[in-house]
Each structure stands twice: as C-alpha cells, then as structure tokens.
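Before any comments, here is the structure.
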Amino acid sequence: MRIWLIKVAVLSLVGMMFYQLARMSGVGLYRFPWEIFASLGMASYVLKEVAKLSKRRK
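Going by the working numbering, the sequence shown opens with residue 0, and the numbers climb by one from there.
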C-alpha cells in the first residue's frame, strides 16, 4: 500500500509540474490539455490498483 501511495504522489507531482511549465511557457503549449491526460492516467492507475486489491480480498 505504501508503494501505491508513493506512485500516486509522484504521478501527481509530475502532472502538476507539466501543468505549471505549460502555463508559464506561453499560450501555444498550454492549448494542449495536459491536465486532462494527467488526470486520466492517474484515474486509470487508481482503478487498476483498486481492482488488484479487490481480487486479493476474495
């Protein structure tokens, strides 16, 4: 469980860094919706981990 939390924290930080870099560098790069892809990636990872945990409990 601890490794899972570390992975989620690292993915969140990387997503926030890309978001800040895209926002600060100008309008051209910010047109690409980085936050949508970062949140989709984190959501899919969380769903995979929840599925693994539910299989272990059965």
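For every residue, glycine included, the Cβ atom is placed at its ideal position computed from N, Cα and C.
Cβ shell of residue i (< 6 Å), same chain only, five flanking positions each side left out
i	result
residue 37	14
Proximal residues to residue i (C-beta, below 7 Å), its chain only, five neighbours per side dropped
i	result
residue 49	none
Checklist entry - Whole alpha helix (DSSP H) runs in the segment 1-25 with 4 or more residues, listed along the chain? => result List check, alpha helix (DSSP H) in window: 1-24.
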